[in-house]
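Asks:
Numbering (the working numbering), first residue to last: 465 to 1121.
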């Protein structure tokens, strides 16, 4: 959280601010049900079945916004609810993906110059406005408001109406923004050949400004606005990745001098989360499960292990140093898959290049904290973890705004910006922000200049380019269209084929949001069945099924478009009590529905995925794929092999500059 302002006795509200500064909504195909996104970094887990409705459809995640009154010193006086002030809300969300440029690679890294050019999507469409799904502004005020007049339902894509979401208010007049229902389509039934750039297609993700007008006793006061991002679903809602969007933005603002680096590194606040997140990933990737999961070599929760990590004892300095050294440093081992975290990076390609961004590293601030921890220069406050708030009501009023800002971004990924889940590489640039975490809004009515038929890296990051003040739709336009194409392409392993054999499950792309291997309900029930022999229970617990198995082996992108709401959600379930061989809590995949030509939900097929560059040539594909499968050395029925455009970023290799 941000540093707290000193306490004040001044109760007069002279201005206000909307929080979270960036709210995150998520699409879902449930017609009527939704839930509110995380408002604390460690919320209590929802009960099993919470994220699906009674029909099995995925609920939408709503972003809830509050407005806080501030005094002349900037201290929080109160939340502005109807008994304190008159508040009206306005939001404008747009999907501009189809009218923007292709994603090839993050454009602020050196490797961008070696990627194919970023040309306009749908370049043959002359009237670019027909590609921009823009329903206009919607406003709302009062309590428990919803329904007609508050829906973003008038935007069009090539004369096809697309519903992007709606506004509501709760019983305190707070704003709820709901996004679309996961509808992606092509009016002309265009194919889906690419992970990110599919002409003729749309989806119903979006983003845009959120503003509030506040009157106290009839007097208007200025209000700092917010932004909302409507993202794909979160299939691992209790799991935080190794590097979150909050981590990345915090590091941005520290390096810019907008925020201070912590005066004292806290084990509970800064170090423990790095270890905890690696452990959490055991529930969505088998490779992480074997290393960091229950019974694994680096299972940090084992008795005595966490106590050693939390101790500043000088005798443990070398122990801490070796653990810190296991985390990847891009200037030291960025090209190696061995360093933690085992996540692909912004310039991932196969065959691998010598780019230090082939894999992800923690932020500079996180690594600096690890170094101080290794030196014993940290606050030994591990016991305070038990007292962490589990709901926003447990957070002191003065801390609630920063808690909301952090919670929304903690459950967003800053792993491989390739292009990414919720937001992409553009958020690394503070030119987009007016203050920490608060997006700069463009002047109403202003028109963005044309950047031509091709967006170059130089133009993308230039002064006066697209990374300045933002307009509705400009944050998510860099993402894949439709998002399902990217989600279905972001799996794991891949480091096989004709490259060196490494691991069939590692590295991974975004397992915290798009799982790789999961503990199924069937195996969970066996593990919990005390009447079964212990070895059978342990075998079931350690088994992991391919999360993508229900999509089948063919047309997986089309299957994801049609059936994303049937995919399983990894949920918290009770574990074994008083059993030293099994954990007391487990995260289990809710039973998925059968999609397309997918395998039944109970099928245990942990497919090995192989990228075959030669298969880009249709004529050569059958022979190349057969050779790749033989090279892998796994049973053919367990191998999915073919050309993966997501991994073919440098067809001519890295260019020297």
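Ideal placement from N, C-alpha and C gives every residue a C-beta, glycine not left out. This one's a predicted model, so the numbers in the text were calculated from it and none came from an experiment.
Looking only at its chain, what residues have a beta carbon closer than 6 angstroms to the beta carbon of residue 797, apart from the 5 residues adjacent to it on each side?
Replies: Position 333 of the chain shown holds residue 797. Result list for residue 797: 803, in chain order.
Asks: Just to confirm my understanding: we take residue 753, look at its own chain, exclude 5 residues before and 5 after, and list those with CB closer than 6 angstroms. What are they?
Replies: By one-based count along the chain shown, residue 753 stands at place 289. Contacts found: 746.
Asks: Alpha carbon to alpha carbon, what distance is there between residue 587 and residue 664?
Replies: Here residue 664 is taken as the residue at index 200 of the chain shown, counted from 1. Here residue 587 is taken as the residue at index 123 of the chain shown, counted from 1. Residue 664 and residue 587: Cα-Cα distance of roughly 10 angstroms.
Asks: Who pairs with residue 1038 in a beta bridge, going by DSSP?
Replies: Looking up residue 1038 in the chain shown gives position 574. 1049, per the DSSP bridge assignment.
Asks: Among 581, 543 and 475, whose alpha-carbon lies nearest the alpha-carbon of residue 924?
Replies: Within the chain shown, residue 924 is the residue found at index 460, counting from 1. Measuring from the Cα of residue 924, the nearest candidate turns out to be 581.
Asks: To the nearest angstrom, how far is the alpha carbon of residue 962 from that of residue 945?
Replies: For this step, residue 962 is matched to residue 498 along the chain shown. For this step, residue 945 is matched to residue 481 along the chain shown. With a pLDDT of only 43 at residue 962, under 50, the local geometry of the prediction cannot be trusted, and the value read off the model is given with reservation. So the alpha carbons of these two residues sit roughly 30 angstroms apart.
Asks: Just how far apart, CA to CA, sit residue 738 and residue 822?
Replies: In the chain shown, residue 738 corresponds to position 274, counting from 1. In the chain shown, residue 822 corresponds to position 358, counting from 1. Near 21 angstroms, if we compare the C-alpha coordinates of residue 822 and residue 738.
Asks: Residues bridged to residue 542 by DSSP?
Replies: In the chain shown, the residue the question calls residue 542 occupies position 78. DSSP output for residue 542 lists 533 as bridge partner(s).
Asks: Can you list, in chain order, the residues of its chain with a C-beta nearer than 6 angstroms to that of residue 1113? Leave out the 5 residues immediately preceding and following it.
Replies: Taking the first residue of the chain shown as 1, we reach residue 1113 at position 649. Excluding sequence neighbours, residue 1113 sits near 569, 579 and 813.
Asks: Comparing alpha-carbon positions, which option in 848, 826, 1009 and 1099 lies nearest residue 986?
Replies: For this step, residue 986 is matched to residue 522 along the chain shown. Closest option to residue 986, Cα to Cα, is 1009.
Asks: With a threshold of 16 other CB atoms inside 10 Å of the CB of residue 679, please say whether the residue is buried or exposed.
Replies: The count along the chain shown starts at 1 and reaches residue 679 at position 215. With fewer than 16 Cβ atoms within 10 Å of its Cβ, residue 679 is classed as exposed.
Asks: Please determine, among 596, 632 and 895, the residue with the shortest C-alpha to C-alpha distance to residue 624.
Replies: As a first step, residue 624 is located in the chain shown; it is residue number 160 there, counting from the start. Closest option to residue 624, Cα to Cα, is 596.
Asks: How is the alpha helix (DSSP H) around residue 1095 delimited, first residue to last?
Replies: The residue you call residue 1095 lines up with position 631 of the chain shown. Note, residue 1095: alpha helix (DSSP H), 1085-1096.
Asks: Rounded to whole angstroms, how far is the Cβ of residue 748 from the Cβ of residue 756, which I believe are closer than 8 angstroms?
Replies: Numbered from its first residue, the chain shown carries residue 748 at position 284. Numbered from its first residue, the chain shown carries residue 756 at position 292. With 8 angstroms as the limit, residue 748 and residue 756 do not qualify as a contact, their Cβ atoms being about 12 angstroms apart.
Asks: If you run the structure through DSSP and keep just helix, strand and coil, what is residue 824?
Replies: Here residue 824 refers to the residue found at position 360 when the chain shown is read from its first residue. Reduced to three states, the DSSP call for residue 824 is coil.
Asks: Taking the alpha carbon of residue 600 as the point to measure from, which residue in 481, 640, 908 and 890 has its own alpha carbon closest?
Replies: To locate residue 600, count along the chain shown from 1; it is residue 136. Ranking the options by Cα distance to residue 600, first place goes to 908.
Asks: State the CB to CB distance for the pair residue 932 and residue 904, rounded to an integer number of angstroms; the pair is presumed to be in contact (CB under 8 angstroms).
Replies: In the chain shown, counting from the first residue as 1, residue 932 sits at position 468. In the chain shown, counting from the first residue as 1, residue 904 sits at position 440. So it is a contact: roughly 7 angstroms between Cβ atoms.
Asks: By alpha-carbon positions, which one of 695, 871 and 484 ends up nearest to residue 1125?
Replies: In the structure as shown, the chain begins at 465 and stops at 1121. Residue 1125 is therefore absent and cannot be evaluated.
Asks: For residue 622, name the three-state secondary structure that DSSP assigns.
Replies: For the purposes of this step, residue 622 is taken as the residue at position 158 of the chain shown. Residue state, collapsed to three classes: coil.
Asks: Among the residues of its own chain, which have a CB less than 7 angstroms from the CB of residue 780, if the five just before and after it don't count?
Replies: Along the chain shown, read from residue 1 onward, the residue named residue 780 stands at position 316. Result list for residue 780: 772, in chain order.
Asks: Output the boundary residues of the beta strand (DSSP E) element that contains residue 679.
Replies: What you label residue 679 is simply residue 215 of the chain shown in a count that begins at 1. Residues 670-680.
Asks: Using 9 angstroms as the threshold, is the C-beta distance between residue 666 and residue 626 below it?
Replies: Start at 1 with the first residue of the chain shown, and residue 666 comes out as number 202. Start at 1 with the first residue of the chain shown, and residue 626 comes out as number 162. Yes.
Asks: For residue 874 versus residue 502, is the C-beta distance shorter than 9 angstroms?
Replies: To locate residue 874, count along the chain shown from 1; it is residue 410. To locate residue 502, count along the chain shown from 1; it is residue 38. Yes.
Asks: Using the beta-carbon count (16 or more within 10 Å), is residue 500 buried or exposed?
Replies: As a first step, residue 500 is located in the chain shown; it is residue number 36 there, counting from the start. Its Cβ having fewer than 16 others within 10 Å, residue 500 is exposed.
Asks: Could you tell me whether any Cβ in chain B is nearer than 9 angstroms to the Cβ of residue 657?
Replies: Chain labels in this structure do not include chain B; a single protein chain is all it has.
Asks: Can you give the Cα-Cα distance for residue 959 and residue 1005, rounded to whole angstroms?
Replies: Residue 959 sits at position 495 when you count from the first residue of the chain shown. Residue 1005 sits at position 541 when you count from the first residue of the chain shown. Residue placement at residue 959 cannot be trusted, given a pLDDT of 43 that sits under 50; what the coordinates show is reported in the next sentence. Those two C-alpha atoms are separated by around 26 angstroms.
Asks: Is the Cβ-Cβ distance between residue 486 and residue 902 less than 9 angstroms?
Replies: For this step, residue 486 is matched to residue 22 along the chain shown. For this step, residue 902 is matched to residue 438 along the chain shown. Result yes, Cβ atoms of residue 486 and residue 902 sit closer than 9 angstroms.
Asks: Is the beta carbon of residue 879 less than 9 angstroms from the beta carbon of residue 966?
Replies: By one-based count along the chain shown, residue 879 stands at place 415. By one-based count along the chain shown, residue 966 stands at place 502. No, the pair does not count as a contact, with Cβ atoms beyond the cut-off.
Asks: Is the region 670-684 close to the region 838-853, with three or more CB pairs under 8 angstroms?
Replies: Short answer: they don't touch.
Asks: Who does residue 1009 pair with in a DSSP beta bridge?
Replies: As a working mapping, residue 1009 is identified with position 545 in the chain shown. For residue 1009, which the question treats as bridged, DSSP gives the partners 982.
Asks: For the pair the region 723-739 and the region 831-840, tell me if three or more CB-CB distances fall below 8 angstroms.
Replies: They touch, by the three-pair rule.
Asks: With residue 806 as the anchor, note down where its alpha helix (DSSP H) starts and where it stops.
Replies: By one-based count along the chain shown, residue 806 stands at place 342. Here residue 806 belongs to no alpha helix (DSSP H), and DSSP marks it neither H nor E.
Asks: Can you name the start and end residues of the alpha helix (DSSP H) that residue 781 belongs to?
Replies: Here residue 781 corresponds to residue number 317 of the chain shown, with the count starting at 1. Its alpha helix (DSSP H) spans residues 781-789.
Asks: Less than 9 angstroms between the C-beta atoms of residue 1025 and residue 619, yes or no?
Replies: As a working mapping, residue 1025 is identified with position 561 in the chain shown. As a working mapping, residue 619 is identified with position 155 in the chain shown. No, these two residues do not count as a Cβ contact at 9 angstroms.
Asks: For a test of the three-state rule: what should DSSP assign to residue 960, helix, strand or coil?
Replies: Residue 960 sits at position 496 when you count from the first residue of the chain shown. With a pLDDT of only 43 at residue 960, under the threshold of 50, the placement of this residue in the model should not be trusted, and no figure is reported.
Asks: State the start and end residues of the unbroken alpha helix (DSSP H) segment that holds residue 1020.
Replies: Taking the first residue of the chain shown as position 1, residue 1020 is located at position 556. 1020-1027 is the extent of the alpha helix (DSSP H) around residue 1020.
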